[in-house]
Amino acid sequence: MNLLTLLKISLIAFLSIVFSACGGGGGGEESKDLPPPPKIAGIWSGTWEGIDSVFGPAAGAWEARISQQENEVKGPMIFGGDIDCAEGSMTGTADGETEVVSGQVFRVPCPASDWIFTAFNQEENSAGGTWEKAGLSRGSFEGQRIATFTGPHISYVYPPGGRAGAWLTIVGERLKMDPAIDSLMLGENGTSLVPVTISDSLITLRLPGNITTPEQLFLTTADGEALSPRYHNTEVTHPNTGFSQDIPLQALNPLPTGLAVSVNGRRTFVANRGDGTVSMINTEM
474 MNLLTLLKIS LIAFLSIVFS ACGGGGGGEE SKDLPPPPKI AGIWSGTWEG
524 IDSVFGPAAG AWEARISQQE NEVKGPMIFG GDIDCAEGSM TGTADGETEV
574 VSGQVFRVPC PASDWIFTAF NQEENSAGGT WEKAGLSRGS FEGQRIATFT
624 GPHISYVYPP GGRAGAWLTI VGERLKMDPA IDSLMLGENG TSLVPVTISD
674 SLITLRLPGN ITTPEQLFLT TADGEALSPR YHNTEVTHPN TGFSQDIPLQ
724 ALNPLPTGLA VSVNGRRTFV ANRGDGTVSM INTEM
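Okay, structure coming up:
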């Protein structure tokens, strides 16, 4: 065997190894395309609840404007209810293989919270999951996509509750609608609502007499569908007066001089001029 023949054999063996490693020889395993990540971009609204290590049971509402670039999600968030640091932001990832969306919520100067969508339904635009502030508090949340970034968006409805005959103002973005072909209903496939005035940011109307149960508002136009962030309360009542909890007055009178009630009525805060403190009363105790 001469030198030229030996070099040819060595070159053939080398190329065989290279192509086999790259899959060119048919012996390699073909790469699999990863499934697309869940699409959660849009405007979301929902509720949260949990146990705080200091205050005990806590609950409230949340809203988020979530943008998405492939599997990365982020956006500003706002919280209501039994919570400090109401404004914040979220970041996370959407995993196409597990269909799990998870990340963190930052509310400076409060500690960050971990969150995870454990139940995400892309077709119904709904999600549920858990959250945890390590060593401090944990709980669950649920929500739904109430609008897209290109379609109508209902920011809020004022007042949040009212019986038949009450006037409502719907505030939002891209609300312009044609009553002849578009629809505005109290509840999905529920009672039709007839606008009195319509603009891109405001709709006013009067509730008809056939409303019964609390429902969300559904606005459908050629650009898409929008839901109100909260249910409209059609069973409005007045609060009862009564004794809930007292603040003991010690030798030094704190001189309570100011009173504030949380949006959901679960907490009352009293400003004390005498010692510069703020007392919190749990109205559900």
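Numbering (the numbering used here), first residue to last: 474 to 758. Even for Gly, the Cβ is constructed at its ideal location relative to N, Cα and C.
Could you work out which residue in Gly576, Thr710 and Asn755 is closest to Gly548 when comparing CA atoms only?
-> Here residue 548 corresponds to residue number 75 of the sequence shown, with the count starting at 1. Per the C-alpha coordinates, the member of Gly576, Thr710 and Asn755 positioned closest to Gly548 is Gly576.
For Gly731, is the classification buried or exposed, using 16 other Cβ atoms within 10 angstroms of its Cβ as the cut-off for buried?
-> If you number the sequence shown from 1, residue 731 lands on position 258. With a 10 Å radius around the Cβ and a threshold of 16 neighbouring Cβ atoms, Gly731 comes out exposed.
Please name the residue or residues paired with Met753 in a DSSP beta bridge.
-> Within the sequence shown, residue 753 is the residue found at index 280, counting from 1. DSSP output for Met753 lists Phe742 as bridge partner(s).
Does the Cβ of Arg746 have 16 or more other Cβ atoms within 10 Å, making it buried, or fewer, making it exposed?
-> In the sequence shown, the residue the question calls residue 746 occupies position 273. Taking a 10 Å sphere around the C-beta of Arg746, we find fewer than 16 other C-beta atoms and assign the residue as exposed.
When the Cβ atoms of the stretch 631-645 are set against those of the stretch 536-550, are three or more pairs found closer than 8 Å?
-> Three or more Cβ pairs closer than 8 Å define a contact, and the stretch 631-645 falls short of that threshold against the stretch 536-550.
Going by other Cβ atoms of all chains shown within 10 Å of its Cβ, with 16 needed for buried, is Ile516 buried or exposed?
-> In the sequence shown, residue 516 corresponds to position 43, counting from 1. Buried, because 16 or more other Cβ atoms sit within 10 Å of the Cβ of Ile516.
Measure the CB-CB distance between Ile684 and Thr707 and report whether it falls below 7 Å.
-> Taking the first residue of the sequence shown as 1, we reach residue 684 at position 211. Taking the first residue of the sequence shown as 1, we reach residue 707 at position 234. Yes.
Using beta-carbon positions only, say whether Ile589 and Gly602 come within less than 7 Å of one another.
-> As a working mapping, residue 589 is identified with position 116 in the sequence shown. As a working mapping, residue 602 is identified with position 129 in the sequence shown. A contact, by the Cβ cut-off of 7 Å.
Could you tell me whether the stretch 602-612 touches the stretch 687-695, where touching means 3 or more Cβ pairs closer than 8 Å?
-> Cβ pair count under 8 Å is below three, so no.
Leaving out the 5 sequence neighbours to the left and right, which residues in its chain are closer than 6 Å to Gly499 when beta-carbon positions are compared?
-> The count along the sequence shown starts at 1 and reaches residue 499 at position 26. The predicted model places Gly499 with a pLDDT of 48, which falls under 50 and marks its position as unreliable; any figure quoted below should be read in that light. Nothing meets the Cβ criterion.
Please confirm whether Ala537 and Met550 have their CB atoms less than 7 Å apart.
-> Here residue 537 is taken as the residue at index 64 of the sequence shown, counted from 1. Here residue 550 is taken as the residue at index 77 of the sequence shown, counted from 1. By the CB criterion at 7 Å, Ala537 and Met550 fall inside the cutoff.
Counterpart residues of Gly515 in DSSP-defined beta bridges | In the sequence shown, the residue the question calls residue 515 occupies position 42. Its beta-bridge partners are Ile539.
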